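Its first residue numbered 9, the sequence shown is counted upward by one per residue in this note's numbering.
Read the structure below first, then the notes.
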Amino acid sequence: MTSIDIVAGLGALMCGFVAVACLASAWVGFRLMVRGKRIKAEVVGVREEKDTDGDPRYFLVVAFTPPGGARVEAESLTGKPHPPERQGPRQKVGVVYDPARPTRVQVDGYPQESIFMALLAASCSGALTAMCVSKLLS
9 MTSIDIVAGL GALMCGFVAV ACLASAWVGF RLMVRGKRIK AEVVGVREEK
59 DTDGDPRYFL VVAFTPPGGA RVEAESLTGK PHPPERQGPR QKVGVVYDPA
109 RPTRVQVDGY PQESIFMALL AASCSGALTA MCVSKLLS
């Protein structure tokens with residue numbers, strides 16, 4: 009086994025993981041788009057996190073009760089670079105939730121994951137994986 013084979017194997021492994029992660033992200037977005045239900049939710053908090061560059065990201069935490077279900081508390085899938093505007097207690101926001109997994113929500117006004125971009129990244133990563141595997145098999 010040469011060093012090129014090792015690099016091709018590692019490249020195939022890494023690109024394969026990226027392709028699977030991008031497909032999973034696209035699937036989540038697709039499920040919300042197709043099966044999602046719209047409901048008003050109450051803002052119960054904000055979680056702050058630092059991104060890889062050390063910049064703050066703010067995730068809205070909401071609570072709602074789906075029809076015929078128990079109260080659900082969920083966090084937005086994506087964050088914003090600035091804190092949300094405070095509008096007083098019991099602030100209501102629109103959300104789209106997945107009935108099969110109600111903790112998966114997309115909050116109105118927060119960036120939405122792009123299904124197209126996730127599929128594009130998955131296909132590019134898949135192509136790189138295939139190239140690395142073909143190098144290993146040749």
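All C-beta atoms, glycine included, are put in the ideal place defined by N, C-alpha and C.
Note that the coordinates shown come from a computational prediction; the quantities given were computed from them, not determined experimentally.
If we ignore side chains and look at the alpha-carbon of each, how far apart do residue i and residue j end up?
i           : j           : result
residue 86  : residue 37  : 12 Å
residue 89  : residue 115 : 15 Å
residue 117 : residue 23  : 32 Å
residue 137 : residue 98  : 49 Å
residue 80  : residue 49  : 10 Å
residue 100 : residue 35  : 28 Å
residue 45  : residue 124 : 21 Å
residue 47  : residue 41  : 14 Å
residue 110 : residue 84  : 12 Å
residue 129 : residue 14  : 24 Å
residue 51  : residue 133 : 37 Å
residue 59  : residue 33  : 18 Å
residue 10  : residue 29  : 29 Å
residue 76  : residue 146 : 58 Å
residue 74  : residue 62  : 36 Å
Measure the CB-CB distance between residue i and residue j and report whether it falls below 9 Å.
i           : j           : result
residue 105 : residue 67  : no
residue 148 : residue 126 : The structure shown has nothing for residue 148, since the chain only spans 9 to 146.
residue 78  : residue 113 : no
residue 27  : residue 131 : yes
Apart from the five residues on each side of it in sequence, which residues of its chain come closer than 6 Å, Cβ to Cβ, to residue i?
i          : result
residue 56 : 64, 66
residue 20 : 137, 140, 141
By the DSSP assignment, the beta strand (DSSP E) with residue i in it spans what residues?
i          : result
residue 45 : 45–58
On the DSSP bridge assignment, give the partners of residue i in chain order.
i           : result
residue 81  : 71
residue 103 : 47, 115
residue 159 : Since the first residue shown for the chain is 9 and the last is 146, residue 159 is missing from the structure and cannot be characterised.
Please work out which residues of its chain come closer than 7 Å, Cβ to Cβ, to residue i, disregarding the five sequence neighbours upstream and downstream, and give them in chain order.
i           : result
residue 139 : none
residue 2   : No answer is possible for residue 2: the residues shown for the chain start at 9 and end at 146.
Spatial neighbours of residue i within its chain, please: CB distance less than 8 Å, with the 5 preceding and 5 following residues excluded, ordered by chain position.
i           : result
residue 108 : 39, 43
residue 17  : 140, 144
residue 122 : 37
residue 102 : 46, 47, 48, 49, 115, 116
Let's see if you can read the secondary structure: which residues bound the alpha helix (DSSP H) around residue i?
i           : result
residue 126 : 123–145
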